[in-house]
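Chains as they are written, first to last, in our numbering: chain A, 150 to 334; chain B, 33 to 205. We treat Cβ as the ideally placed atom computed from N, Cα and C, and that holds for glycine.
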């Protein structure tokens, strides 16, 4: 993480400072603002709503506990997704020690909180299959860019890489997804 | 690559971007609540307790709330207090009634008791008498006083008659 000072208009950094000063209501504001983006990012990375929610809780708990030492050196979103990625990698490591599970994207949709509103089709299922095949850094990079709409520099900070490396990862991820989904063109 | 193929690829890129940017799941409504219980369970439980206490305040404001609460918490102690209180009340009442009855009896019999002066006349010429002297005396007046005193406190030991005599003198004019 670099030593840039975040813009004073970052409301989440202000919330963290309020939480640091003991105002617990600020934590609720942060969670309500970030629970949906965070859980969706984790869901795309884990293909399981329950696991995504469990991990999101761990991320928010870590965030809460780190509040006393929080210093707004970077944008809050960078700080949050750094924690999220740390937990995500730990999850992958623990998952790699477990037996492989045979999964069906249709079952994954059934796990989501609001199944009726989701449009399940072949393209979506193929997309999810292809996405989970990507290396972690490429998947995280393209999701942070497209789903979370973060800048290349923020993504580089989160993934602890250079901006050029991030651009390369995103390019390769896009090429791979196109190749996997070429039958739907 | 034909224009038709280019259009298809462009459309596919757009579709891929839509898929990548989508947020397919919606967070359950109680996510924050469950999170709070994990983050700071003590604080969360304290808040919950306080809310419960506040909700029952209108009941606790009733005048008899504390009394009824004590009755529920300490039924045995309440019962015990009743048992203790009743004999004390009866005992006090009985003592007052007995004193009143004794006083009335003495008052009604006051005319049958000789005056103190007449008793003293018979003994002033001699040395002070002891109780033993009185018991052994053949004086009819003394015999009468002893009989009256004996009637006032029947069943008492005669060695306590001096107290009876003093009582008699107190209630005489």
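Environment of residue i [buried if 16+ CB atoms lie within 10 Å]
i              : result
residue 319(A) : buried
residue 328(A) : exposed
residue 49(B)  : exposed
residue 297(A) : buried
residue 188(A) : buried
residue 121(B) : exposed
residue 191(A) : buried
For residue i, three-class secondary structure by DSSP
i              : result
residue 72(B)  : coil
residue 197(A) : coil
residue 270(A) : coil
residue 310(A) : coil
residue 213(A) : helix
residue 170(A) : coil
residue 61(B)  : coil
residue 331(A) : helix
residue 284(A) : coil
residue 240(A) : helix
residue 301(A) : helix
residue 189(A) : helix
Residue i versus residue j: straight-line alpha-carbon distance, rounded
i              : j              : result
residue 281(A) : residue 170(A) : 40 Å
residue 193(A) : residue 55(B)  : 9 Å
residue 61(B)  : residue 177(A) : 13 Å
residue 234(A) : residue 333(A) : 31 Å
residue 299(A) : residue 293(A) : 6 Å
residue 311(A) : residue 71(B)  : 34 Å
residue 179(A) : residue 162(A) : 9 Å
residue 326(A) : residue 195(A) : 17 Å
residue 124(B) : residue 177(B) : 33 Å
Residue nearest to residue i in terms of C-alpha spacing, selected from the options
i              : options                           : result
residue 44(B)  : 304(A), 276(A) and 309(A)         : 276(A)
residue 202(A) : 125(B), 58(B) and 176(B)          : 58(B)
residue 274(A) : 42(B), 173(B), 52(B) and 46(B)    : 52(B)
residue 213(A) : 229(A), 241(A) and 158(A)         : 229(A)
residue 216(A) : 166(A), 288(A), 180(A) and 331(A) : 166(A)
residue 227(A) : 330(A), 283(A) and 309(A)         : 309(A)
Cβ-heavy atom distance, residue i to the ligand SAH, below 8 Å
i              : result
residue 126(B) : The ligand SAH is absent from the structure shown, which contains no ligand whatsoever.
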